[in-house]
Ligand code: 4AD
Ligand code: MG
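In our numbering, the protein residues as written are 12 to 442.
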């Protein structure tokens, strides 16, 4: 017996097929059993009749519960009344794995579903999200391959911070202490002197103490770093990456997007538009003029300000030149306006907030040492990093995309926790 997927069976459209999967729904009478079968490709309605499969087989079918695994053979035909447009008249079937009272049902609490995440990821919503996530990541790999980048892998256990000590996770490391990676960047930078254009995607850790719909303690950051690139070029490159990935998601996953009530055409239209770049100072002026929000220069944009700002645009926007003083030590000040850093954030529309953060990299070791000291760091710990500037330093830039932030946005999810199969937050770390 050759098994095919439900999707392949529907493409075939007629004749005998053999399928395998899980019971998504079931109902029936003494003579007739209806099963919605689910595999990773789709769902299909299957009809098992006592008069066709015989008493013994039908009695097994009669006891089938949700999420039991089965194999079945039958005749597929078009049926406009069936959800999905096809129906399978079963000629024989076999139970593979029983399922006794699958705990996940409609209308359960968010907490219950989170406690049972290992089972809840079988839902059609989570399947749609996980497929979109997979397609997005695969598209990004292709993008960087096409752009001539090398994939470069770096340690997760790191001896220093890079994005501020307050969100560090420390780990016992034999007799010493190490930290979980807050970013790939510092190691990524060392590679541009050998490979020029590098990228990566990896698990990233931040001990975020706030409970928000956009912060995870463990998330996946998709980073790149390129020699010779300056701010104006790297911001355009970030737009190109995101646009490419969104178009691919629309091309491959429009059914899943629709299932999540997202409009694929609207995403495509957005990906084909110009995405504006503005300076932080202009953002402050817009907030003041259009929303009466008075943010003094030198303050980071808070969530409500970001939300308000993005309301004025129907695409993501890039905001550059945030105040140097509140930026990480490696973000250099502009030569003519040292109080403004050569950095950027990309903000998604409709209040989804920051999805990308990046910058030109400082080449000024003395300035970085001073800023690290001001943060209570020992600059000596960063000698490996400063060395890269001591031997053939070149201008370079890079950025990191928050994968779950992007997935949350393009899937229109209430919480970032649904953008990852097993979320980790301050309060949620099981299963
Ligand atoms: O802006 P961030 O902190 O930038 C960096 O870490 C740089 N070293 C990246 C680089 O230049 N190579 O983080 C980058 C992105 C943010 O824009 C956001 O999308 C995401 O990572 N991010 C988070 N996503 C989920 N949960 C969190 N706690 C996140 N913190 C940052
Ligand atoms: Mg940031």
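Glycine is no exception: its CB is placed at the ideal position from the N, C-alpha and C atoms.
Scanning the region 17-52 from its first residue to its last, the whole beta strand (DSSP E) runs of 3-plus residues come out as 26-39, 43-49. Three or more Cβ pairs closer than 8 angstroms define a contact, and the region 120-127 falls short of that threshold against the region 141-159. From the listed residues 418, 264, 245, the smallest Cα separation to residue 225 is found for 418. By the CB criterion at 8 angstroms, residue 198 and residue 235 fall outside the cutoff. Closest by C-alpha distance to residue 213, out of 219, 231, 227, is 231. Note that the region 100-109 does not touch the region 391-408; fewer than 3 beta-carbon pairs, one per stretch, sit closer than 8 angstroms. Pairing residue 294 with residue 352, the inter-Cα distance amounts to about 15 angstroms. Apart from sequence neighbours up to five positions away, the residues of its chain that approach residue 396 with a beta-carbon distance below 6 angstroms are 197, ordered along the chain. When C-alpha distances from residue 358 are compared across 383, 288, 309, the shortest belongs to 288.
In chain order, the residues positioned with their C-beta nearer than 6 angstroms to some heavy atom of the ligand MG are 356, 365, 368. Rounded to the nearest angstrom, the gap between the Cα atoms of residue 333 and residue 355 is 7 angstroms.
Non-local beta-carbon contacts of residue 338 in its own chain, meaning distances under 7 angstroms to residues more than five positions away in sequence, involve 352, 354 in chain order.
Inclusion of residue 97 and residue 81 in the CB contact set at 8 angstroms is not warranted, their separation being larger than that value. In this chain, the beta strand (DSSP E) harbouring residue 229 covers 229-238.
Per DSSP, the unbroken beta strand (DSSP E) holding residue 407 starts and ends at 407-413. Scanning the region 377-438 from its first residue to its last, the whole beta strand (DSSP E) runs of 3-plus residues come out as 407-413. Take residue 341, set aside five residues on each side of it, and the residues of its chain with a beta-carbon closer than 6 angstroms to its own are 372, 373, in chain order. Where residue 99 is concerned, the enclosing beta strand (DSSP E) starts and stops at 97-108.
A straight line joining the alpha-carbon of residue 24 with that of residue 99 spans about 10 angstroms.
Of the heavy atoms belonging to the ligand 4AD, at least one sits nearer than 7 angstroms to the Cβ of residue 410. Here residue 185 is exposed, its C-beta having fewer than 16 other C-beta atoms within 10 Å.
Excluding residues up to 5 positions away in sequence, nothing lies with its Cβ nearer than 7 angstroms to the Cβ of residue 123 in the same chain. Listed in chain order, the beta strand (DSSP E) elements of length 3 or more contained wholly in the region 318-350 are 328-331. Under the three-state reduction of DSSP output, residue 187 falls in the strand class. The beta carbon of residue 39 sits closer than 7 angstroms to those of 45, 73, all from its chain and outside the five residues before and after it, given in chain order.
Boundaries for residue 124: no beta strand (DSSP E) harbours it, while the alpha helix (DSSP H) harbouring it runs 121-126, taken from the DSSP string.
With a threshold of 16 other beta carbon atoms within 10 Å, residue 239 falls short and is exposed. With 16 or more neighbouring CB atoms inside 10 Å of its own CB, residue 367 falls in the buried class.
In this model, residue 48 and residue 89 are separated by some 16 angstroms (Cα to Cα). In terms of Cα proximity to residue 203, the closest of 408, 433, 309 is 408.
Of the heavy atoms belonging to the ligand 4AD, at least one sits nearer than 7 angstroms to the Cβ of residue 413.
Taken through DSSP and simplified to helix, strand or coil, residue 88 comes out as strand. In the structure shown, residue 173 adopts coil according to DSSP, grouped into three states.
When DSSP states are grouped into helix, strand and coil, residue 357 belongs to the strand group. Rounded to the nearest whole angstrom, the C-alpha separation of residue 344 and residue 131 is 47 angstroms. Nearest to residue 52 by alpha-carbon distance, out of 19, 58, 84, is 19.
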